[in-house]
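Numbering (the numbering used here), first residue to last: 6 to 125.
Glycine included, every Cβ here is placed at the ideal spot set by N, Cα and C.
These numbers were taken from a predicted model, which means no experiment stands behind them.
The structure appears below as structure tokens.
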């Protein structure tokens, strides 16, 4: 997946909002006001920061050289994934969806209901 694919997938998730609180260099995707992805728009090939369960975050870092502790994030809960093509597309899609679902699950029930979350 390249940067455009990541931007498209993040933007397609239910209730996802794209924002630029840090300027034009990074797209932040939020659900219910909480960030689930930060996509670097500068440099090549780019990267994406994704939330992850702590034990799984360590496992993904061991499995993929392109996955490292979250840049400018809580390194226990966030990974940075370099978009260099070395992470399998299905794995990266799963990581993005996992991040989104973690954030969604942490939202109050009223917000999840308003978003139309079927797991509310």
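Remark: three or more beta-carbon pairs, one from each stretch, lie closer than 8 Å, so the segment 8–15 and the segment 97–109 are flagged as touching.
With a cutoff of 8 Å on beta-carbon distance, residue 116 and residue 48 are scored as not near each other.
Residue state for residue 33 is assigned as strand, using DSSP reduced to three classes.
Residue burial is scored here from C-beta neighbours: residue 101 has at least 16 other C-beta atoms within 10 angstroms and is therefore classed as buried. Around the beta carbon of residue 21, 16 or more other beta carbons sit within 10 angstroms, so the residue counts as buried. Between residue 18 and residue 33, the C-beta gap is not smaller than 8 Å, which leaves the two residues out of contact. The Cβ neighbour count for residue 91, taken over all protein chains shown within 10 Å, is under 16; the residue is labelled exposed.
Between the beta-carbon of residue 86 and that of residue 72 there is about 5 Å, and that keeps the pair under the 8 Å contact cut. For residue 119, the enclosing alpha helix (DSSP H) starts and ends at 114–120.
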